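Protein chains in written order, with full-length UniProt numbering: chain A, 1 to 472; chain B, 1 to 311.
Below you can see the structure in the form of structure tokens.
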């Protein structure tokens with residue numbers, strides 16, 4: 001009997017998720033008929049827009065205090081000025097989780113109508129996956145009536161679309177590069193005072209690290225997200241920045257996943273060098289979910305860290321009203337473009353992603369929600385957000401604003417967008433990405449590069465199928 | 001008379017229906033569903049979340065070809081063996097020592113040790129993280145002893161989680177052994193002493209044989225609870241660094257919830273079920289053997305007694 005109970009318990013853990021799937025269709029129908037009935041009732045009562053009920057908004061809370069969270073400020077401020085705020089209630093329901101856990105929790109919530117929020121923040125890499133599962137609403141009919149939609153950059157419209165169908169309103173994008181503490185690099189003799197650091201190849205980065213290490217052994221020369229706990233940040237800010245810098249991509253021209261190649265080897269070798277030669281932080285610092293936050297908010301500003309490979313948004317907390325103010329950060333911190341592996345054309349590399357506001361298919365208040373989205377994305381509300389969050393904006397009209405352009409690093413960061421690479425718009429990318437994180441962490445913790453790659457190959461093949469992988 | 005009994009049977013069965021229905025709904029059906037899902041390519045999100053296909057045993061084939069899966073099974077067995085040995089050894093020593101001590105001492109020390117067991121897994125892992133941290137209690141102790149400090153969690157991850165699990169589970173073994181020891185008659189021990197046996201001989205030839213049954217049962221219970229450990233490892237190391245502390249339950253969660261491959265995740269779940277099954281069959285085989293023997297012995301005593309009475 002005990003073995004039964006035990007085994008059942010183990011199985012149940014997974015089955016709770018599957019059980020939801022079986023009832024999904026039925027429950028959806030119920031909720032649909034319910035909303036239709038509600039709409040009909042509204043019409044009879046003669047309400048002008050038929051807006052009522054509640055909008056539940058879900059985003060990722062990384063543990064920062066509420067009033068320091070850009071998204072929280074954004075949504076509450078927008079709600080205060082929304083014309084329908086008296087009819088529609090706003091329920092702010094953040095998910096406090098590490099980045100990796102957030103997508104799991106979102107997928108579970110979206111699948112079940114009883115827990116499904118009405119408005120959700122989706123990372124654009126996860127969006128194709130959730131769209132393919134039928135979790136997200138096709139926004140085509142809403143966007144037709146959205147007259148400001150042509151103010152959005154076309155590249156931004158396309159990263160929230162899957163095969164021409166748009167599933168989200170993009171609200172931020174970003175570029176990545178090497179942030180460095182000028183004081184540390186000057187002391188190590190990498191740059192002269194007032195000079196900008198411009199590494200031309202990976203070799204330049206490694207030699208700068210060596211100089212930093214020689215000048216002060218207590219300073220961590222180089223930090224990049226390297227573990228499974230930091231989730232997508234490890235895949236994108238670290239591995240893909242390197243891989244794209246070798247001139248390779250994740251998929252080849254035929255749309256097959258490359259699972260073994262010189263580019264993968266070179267990228268992993270760079271990461272291995274960082275840790276083997278003692279340029280990286282100790283593993284207990286970097287392999288935790290909070291590692292990246294500590295690096296950007298504590299180590300880099302305080303001069304305990306020399307170079308940080310990360311995205312433009314990390315400058316936001318340094319602002320005066322931010323979560324970790326850094327006085328004079330525009331002077332004490334520098335931003336260099338990530339060089340390609342050997343300095344080959346185009347010389348620098350960056351990746352660009354972004355987040356979007358999506359309406360879940362199981363949400364039951366879509367018309368009101370989209371109206372609210374339009375209001376959130378209206379000029380004043382949206383400008384406040386991009387200024388606070390340190391994001392690159394997705395609208396051309398906002399990009400012209402003086403306050404926006406005056407932000408430190410933004411001119412440089414936005415210029416990088418010209419050569420930016422994107423992650424594949426593929427519904428299996430987010431699953432493959434967890435394999436990338438495993439590969440990087442295993443190399444960092446001492447597994448040989450060949451073993452890590454063969455594990456990645458096996459893992460990827462099990463996700464995308466044996467016919468869709470290729471070795472180069 | 002007969003119809004009465006039949007009616008009573010019926011009435012009793014009706015009363016059982018709710019319990020049976022609950023069992024069926026929450027235990028039997030999920031088990032068969034899990035087995036079914038492990039033969040599909042169901043996913044948490046993505047195209048196969050909506051329409052999954054039956055893919056036969058390919059989930060299992062992949063598992064057995066997967067190098068990580070093999071090392072994960074190895075980790076699981078290592079974790080199991082380490083926890084079992086540690087928990088039972090320490091538990092036994094504690095129980096044995098407490099037997100020799102005064103009742104007041106037992107009353108004070110017992111609850112202290114029980115604390116580790118009563119605590120929820122997640123609290124245990126936070127305590128252990130604080131203990132094994134680079135600047136935690138363990139390293140502070142080492143420092144005061146002028147010994148080199150150790151990076152416990154990253155240098156010896158498996159050892160660290162095993163130690164944490166031992167700390168968590170020892171009290172349970174201790175309780176079991178204590179009650180077993182209490183049932184060994186003192187006069188037997190005294191008789192052995194009078195015959196010239198020393199402490200160790202008493203322990204080896206008298207106490208342990210008397211407790212064999214308890215040891216067996218304790219091993220079985222600990223096996224199941226150890227195979228199911230998830231929160232402790234998850235909160236301490238997340239299965240890392242690399243895959244060094246990934247046990248089957250962590251691997252299952254990663255496959256199902258992190259990689260969104262529910263089909264593969266359930267297949268790993270079935271693997272855990274099988275592992276638990278093999279262990280339990282093994283133990284109950286040992287049990288059964290012993291029980292048969294003791295029953296035979298007991299039977300003999302009975303017959304001799306009966307013969308004497310008759311004589």
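For glycine and all other residues, C-beta sits at the position ideal for the given N, C-alpha and C. In this text, all values refer to a predicted model and were calculated from it rather than measured experimentally.
query, result
"C-alpha distance - residue 97 of chain A paired with residue 58 of chain A, whole-angstrom precision", "12 Å"
"Assigned secondary structure, residue 475 of chain A (DSSP; H/G/I helix, E/B strand, else coil)", "No statement about residue 475 of chain A is possible, as the shown extent of chain A runs from 1 to 472 and does not include it."
"Chain A contact residues for residue 153 of chain B, given Cβ-Cβ distances below 8 Å", "284"
"One or two residues paired with residue 259 of chain B in a DSSP bridge", "None, per the DSSP bridge assignment."
"Straight-line gap, residue 207 of chain B to residue 99 of chain B (C-alpha atoms, nearest Å)", "12 Å"
"7 Å Cβ cut-off: residues of chain A touching residue 45 of chain B", "107, 129, 130, 133 and 135"
"8 Å Cβ cutoff, residue 441 of chain A in contact with chain B", "yes"
"Contacts that residue 161 of chain A makes with chain B (C-beta to C-beta distance below 8 Å)", "The contacting residues do not exist; residue 161 of chain A stays about 16 Å from chain B at best."
"Closer than 8 Å to chain B by CB, residue 138 of chain A", "no"
"Any chain A beta carbon closer than 8 Å to residue 241 of chain B", "yes"
"Residue-level contact to chain A via CB, residue 213 of chain B, 8 Å cutoff", "no"
"Residue range of the beta strand (DSSP E) that includes residue 464 of chain A", "Where residue 464 of chain A is concerned, there is no enclosing beta strand (DSSP E), although the alpha helix (DSSP H) it sits in stretches over 449-464."
"Cα-Cα separation between residue 73 of chain B and residue 340 of chain A, rounded to whole angstroms", "40 Å"
"Test item: CB-CB of residue 28 of chain B and residue 39 of chain B under 8 Å", "no"
"Contact the stretch 307-314 of chain A vs the stretch 252-263 of chain A: 3+ CB pairs below 8 Å", "no"
"Within chain A, partners of residue 352 of chain B - CB distance below 8 Å", "Any property of residue 352 of chain B remains undetermined from this structure, which presents chain B solely from 1 to 311."
"Beta-carbon proximity of residue 146 of chain A to residue 220 of chain A, cut-off 8 Å", "no"
"Boundaries of the alpha helix (DSSP H) in which residue 54 of chain A is found, first to last residue", "Run containing residue 54 of chain A: none in the alpha helix (DSSP H); it sits in the beta strand (DSSP E), 54-58."
"Test: residue 236 of chain B CB closer than 8 Å to a CB of chain A", "no"
"Of the listed residues A:391, A:422, A:418 and A:397, nearest to residue 407 of chain A (C-alpha basis)", "A:391"
"Contact list for residue 356 of chain A against chain B, beta-carbon separation under 8 Å", "None at all; the shortest Cβ gap to chain B is about 16 Å."
"Neighbour-count burial assignment, residue 358 of chain A, 16 or more Cβ in a 10 Å radius", "buried"
"Sequence-distant residues of the same chain with beta carbon closer than 7 Å to residue 183 of chain A, five excluded per side", "303 and 332"
"is_contact[residue 78 of chain A, chain B] using C-beta, thresh 8 Å", "no"
"Validate contact between the stretch 210-217 of chain B and the stretch 177-194 of chain B using beta carbons, cut 8 Å, 3 pairs", "yes"
"Cβ pair residue 41 of chain B, residue 52 of chain B closer than 8 Å", "yes"
"8 Å CB neighbourhood of residue 197 of chain B in its chain, flanking five on each side removed", "205 and 206"
"Closest residue to residue 79 of chain B among B:258, B:226, B:270 and B:271 (Cα-Cα distance)", "B:226"
"Interface flag, residue 112 of chain A vs chain D, CB-CB below 8 Å", "Within the model displayed, chain D is absent; protein chains A and B are what it includes."
"Chain B contact for residue 455 of chain A (CB, 8 Å cutoff)", "yes"
"Alpha carbon of residue 360 of chain A to alpha carbon of residue 276 of chain B, nearest angstrom", "40 Å"
"Where residue 409 of chain A falls: helix, strand or coil (DSSP)", "coil"
"Positions along the stretch 421-451 of chain A whose CB lies within less than 8 Å of some CB in chain B", "427, 428, 430, 431, 434, 435, 438, 441, 442, 444, 445, 446, 447 and 451"
"Cβ-Cβ separation, residue 295 of chain A to residue 223 of chain A (assumed contact under 8 Å), whole Å", "5 Å"
"Residue 454 of chain A versus residue 67 of chain B - alpha carbon distance", "9 Å"
"Partners in chain B for residue 228 of chain A, counting only beta-carbon separations shorter than 7 Å", "238 and 240"
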